[in-house]
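*Asks:* The structure follows.
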């Protein structure tokens, strides 16, 4: 096989590895820093800047040293890309340091990637004329990038998780270096360097689970008893003494210390106003805790919609989750739909007495859709004439603009709107909003099911706190302008009249 052919194979590999490295660092930044739109934008911008710098730096490398420089860059990338995951987790406890580390890693990796094409063109210049050389090198780089992007989203990240995916990217960089060392007969020093790099990669490959688990334990501050990367999110179940917590993409979903406050309020306050118990819908709530409370009522049918089948499976089969949700997924009245909540609400023809929305906070474009004006208008068509819904609405203290925007958006969809504010120790002051087709009288509220925390007095106090909330000027959240994402990442204060 000719040197030119081997070089093009290497460029295909580096094109593949470069995209996987870029996406891995952007995903890592999202996991640890939050705000997917911002982190992907920043990381990719840093990559583009640093790749430009790498291309510029390549001009100062003599032609005779181009192969060695290319090999050195690949060996460094084969270590930096996989090791970026445990390095970032090590600094996860300090936000400013973590930002510096992740963006610094992105800049360093991007600079090394920026060296690849200019150096490859100069190496290949000995074997092909300029116009063929440049086009063929760029062609192989682009061809490597395409499957990388698709495989990352549809296979690598969901199947292997971030640590193994970045390790795979590093392996392709190492393979490129090894092929060039062999075909160009590079001197022994680089063979020794490649061997040393391989040993480091091998040690990390066999011990990465323990390393990542150790760093994750530090990040969560609790014993991790279950971990899974699904196509939709990273699922972590932890234990601290006798208490358990569930995290999705690093965000706390519930703690058994006080989850009963949240789920009893979410279900029993709106359910207390119902006159009929024919059909209920839960959007989200794949942990089965809202379902645990809703099945205390004599509904004939209960539908639950969650996009992630893994969460449903975990909640249905895991002994700890089954104990927490009291085997709620084994109710004969239950029908589960594993699909997108927005899509389900838009396409179903069913009418419900109550809809309980237990979805994640609106911190991404995807999650902000189910807090949009368009969504609430569709939802209204899925309610019976005396039907109502309730949605969790996030932190009412530090994210007050989010809470108020949700209230305003629901009002805009022509509902009678009733905000609730309750205190949950692990979350703080938490907001929920009831939207009803008919006016509700909280003075007449009677809790109709067995509860551990909630009673009429507490329910009325949550309503009173929501009623006296003083909202700042906010906008309605829509599909075309998901303003909630902007509000979510702002610091807000809490004021009462």
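In our numbering, the protein residues as written are 8 to 504. For every residue, glycine included, the Cβ atom is placed at its ideal position computed from N, Cα and C. Just so you know, these numbers come straight off a predicted model, no measurement behind them.
(1) What residues are listed by DSSP as bridge partners for residue 347?
(2) What would DSSP say about residue 439, mapped onto helix, strand or coil?
(3) Among residues of its own chain, excluding the 5 on either side of residue 54, which ones have a beta-carbon nearer than 7 Å to its beta-carbon?
(4) Hey, could you find the ends of the alpha helix (DSSP H) residue 453 is sitting in?
(5) Out of 237, 194, 139, which has the shortest C-alpha to C-alpha gap to residue 505?
(6) Whole angstroms is fine: what's the gap from residue 417's alpha carbon to residue 254's?
(7) Of all the options 44, 64, 92, 96, which has the alpha carbon lying nearest to the alpha carbon of residue 225?
(8) Excluding the 5 residues preceding and the 5 following residue 455 in the sequence, name in chain order all residues of the same chain whose CB lies nearer than 6 Å to its CB.
(9) What whole-angstrom Cβ distance do residue 382 and residue 376 have, given they're in contact under 8 Å?
(10) Can you tell me whether residue 262 is helix, strand or coil according to DSSP?
(11) Between 31, 297, 44, which has its C-alpha nearest residue 371's C-alpha?
(12) Could you tell me whether the Cβ atoms of residue 292 and residue 402 are closer together than 8 Å?
(13) So which of 201, 399, 251 has the shortest CA-CA distance to residue 289?
(14) Taking DSSP as the reference, what is the three-state secondary structure of residue 312?
(15) Would you tell me roughly how many angstroms separate the C-alpha atoms of residue 65 and residue 206, rounded to the nearest one?
(16) Give the straight-line distance between the Cα atoms of residue 363 and residue 167, rounded to the nearest whole angstrom.
(17) Assign residue 502 to one of three DSSP states: helix, strand, or coil.
(18) I think residue 274 touches residue 297, with their Cβ atoms under 8 Å apart; what is that distance to the nearest whole Å?
(19) Touch check for the region 159-175 and the region 20-39: three-plus C-beta pairs under 8 Å?
(20) Going by C-alpha distance, which of 433, 176, 157, 270 is nearest residue 87?
(21) Is residue 450 buried or exposed, if buried means 16 or more other CB atoms sit within 10 Å of its CB?
(22) By alpha-carbon positions, which one of 421, 411, 419, 420 ends up nearest to residue 428?
(23) Within 7 Å: the Cβ of residue 142 and any heavy atom of the ligand NAD?
(24) Let me check understanding here. Comparing Cα to Cα, which of 467, 479, 483, 441 lies closest to residue 419?
(25) Nearest-angstrom Cα distance between residue 318 and residue 327?
(26) Who does residue 233 pair with in a DSSP beta bridge?
*Replies:* Let me lay it out:
(1) Residue pairing of residue 347 in beta bridges, as defined by DSSP: absent, with no partner found.
(2) DSSP, reduced to helix, strand and coil, places residue 439 within a strand of the structure shown.
(3) Same-chain partners within the cutoff: 29, 113, 117.
(4) That residue, residue 453, is in no alpha helix (DSSP H); it is neither H nor E in DSSP.
(5) With the chain covering 8 to 504 only, the question about residue 505 has no answer from this structure.
(6) The straight-line gap from Cα to Cα measures roughly 28 Å.
(7) Measuring from the Cα of residue 225, the nearest candidate turns out to be 96.
(8) Only 279 meet the Cβ criterion.
(9) That pair is a contact at about 6 Å.
(10) Residue 262: strand per DSSP, three-state reduction.
(11) Closest by alpha carbon: 44.
(12) In terms of Cβ geometry, residue 292 and residue 402 do not form a close pair [threshold 8 Å].
(13) Answer by Cα proximity: 399.
(14) In the three-state DSSP reduction, residue 312 falls in the strand class (E or B).
(15) Cα to Cα, residue 65 sits roughly 28 Å from residue 206.
(16) Between the C-alpha atoms of residue 363 and residue 167 there is a straight-line separation of about 33 Å.
(17) Its pLDDT being 39, under 50, residue 502 is placed unreliably in this model, and the value from its coordinates should be taken loosely. When secondary structure is reduced to three states using DSSP, residue 502 falls in the coil class, being assigned neither helix nor strand.
(18) Residue 274 to residue 297, Cβ: 6 Å. Contact.
(19) Short answer: they touch.
(20) Out of 433, 176, 157, 270, the CA that lies nearest to the CA of residue 87 is found in 176.
(21) A residue is called buried once 16 or more other Cβ atoms fall within 10 Å of its Cβ, and residue 450, having fewer, is exposed.
(22) Considering only alpha carbons, the answer is 411.
(23) Looking at this structure, you won't find the ligand NAD or any other ligand, since it has none at all.
(24) That would be 483, whose Cα lies nearest to the Cα of residue 419.
(25) Near 13 Å, if we compare the C-alpha coordinates of residue 327 and residue 318.
(26) Note: residue 233 sits in a beta bridge opposite 244.
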